[in-house]
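See structure below.
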Amino acid sequence: MDQIFNQILLLFGLAMFFGLSGGKIFRFFKIPQVVGFIAIGVILGVSGFGVFSRETIQDLGPFTNFALGVIGFMIGGEIRLSTFKKYGKNIFVILMCEGMFAYLLVGIFVYLVTKNAAISILLAALASATAPAATVDVIWEYRAKGILSTMILAIVALDDGLSLILYALSKVFAESIITGKEFSL
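Residue 152 is where the sequence shown starts when you use this note's numbering, and the numbers rise one by one after that.
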């Protein structure tokens, strides 16, 4: 048990060291550090030199979940009620257009390719989600301020909620399609 813990801790340390080093190198060239994180991941990961295997990356999953939780908490901490009072309608319209457009576009495309409604609905729901970490990292790295940055943070925070709702509804519909039973929410 201690040996496994030590190996995971070593992998976490190596990932942090190489990732942060890559981020610093890219920042030196005025490129967002998140690009450095990704580039180092590709170079050392399965597609590159294979230093980190697929299993290793899966072993780091709890750390990923922790990091995403911290990012979500920090996003929530930055959003102010006054932002929603001032830009609420705009945020809502952008959020719905962005989320629903991705949902509809992917759903229609997947259905045209597969002719499978259940898969189309589920993949559409997954497509509506965005990855907030990279977006938020760039905003924080450049200390971006203003209406656009404020609205992006609010939309990123709410987008995951919309995606969860779409997925929950899509799952019910997909189960109904697969089983042939009536659906109930």
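Just so you know, even glycine gets a beta-carbon here, dropped at the ideal spot from N, CA and C.
Problem set entry | Element boundaries [alpha helix (DSSP H), containing glutamate 229] | 212-229 is the span of the alpha helix (DSSP H), which, as asked, contains glutamate 229.
Exercise. Exposed or buried, aspartate 153, counting other C-beta atoms within 10 Å across all chains shown (16 or more means buried)?
Worked result: So aspartate 153 ends up on the exposed side.
Exercise. Are the segment 271-280 and the segment 209-229 touching by the rule of at least three beta carbon pairs closer than 8 Å?
Worked result: Taking a cut-off of 8 Å for Cβ pairs, the segment 271-280 and the segment 209-229 do not touch, as fewer than three such pairs fall below it.
Exercise. Which one of Tyr254, Ile226, Gly220 and Val264 has the shortest CA to CA distance from valine 289?
Worked result: Of the candidates Tyr254, Ile226, Gly220 and Val264, the residue whose Cα lies closest to the Cα of valine 289 is Ile226.
For this session: State the Cα-Cα distance for the pair leucine 349 and leucine 161, rounded to the nearest angstrom.
Result: Past the edges of the chain, shown from 152 to 336, lies residue 349, and the structure says nothing about it.
For this session: Can you tell me which of the three DSSP states arginine 294 falls into?
Result: The answer is coil: DSSP assigns arginine 294 none of H, G, I, E or B.
Problem set entry | Whether leucine 211 touches alanine 166 by CB criterion (8 Å) | Against a cut-off of 8 Å, the Cβ pair of alanine 166 and leucine 211 comes out as a contact.
Exercise. To which residues of the same chain is phenylalanine 200 closer than 7 Å at the C-beta, ignoring the five residues directly before and after it?
Worked result: Its chain contains Ile194 as the residues whose beta carbon lies nearer than 7 Å to that of phenylalanine 200, once the 5 sequence neighbours on both sides are disregarded; these appear in chain order.
Exercise. Buried or exposed: serine 204, going by 16 or more other Cβ atoms within 10 Å of its Cβ?
Worked result: Here serine 204 is exposed: its Cβ has fewer than 16 other Cβ atoms, across all protein chains shown, within 10 Å.
Exercise. By how many angstroms is the C-alpha of tryptophan 291 removed from the C-alpha of serine 300?
Worked result: For the pair serine 300 and tryptophan 291, the Cα-to-Cα distance works out to about 10 Å.
Problem set entry | 8 Å Cβ cutoff met for glycine 174 and phenylalanine 156 | The answer is no: Cβ separation not under 8 Å.
Exercise. With a Cβ-Cβ cutoff of 8 Å, do leucine 315 and leucine 246 count as a contact?
Worked result: The Cβ atoms of leucine 315 and leucine 246 lie no closer than 8 Å to each other.
Problem set entry | For asparagine 267, the three-state DSSP class (helix, strand or coil) | Here DSSP, grouped into helix, strand and coil, assigns asparagine 267 to coil.
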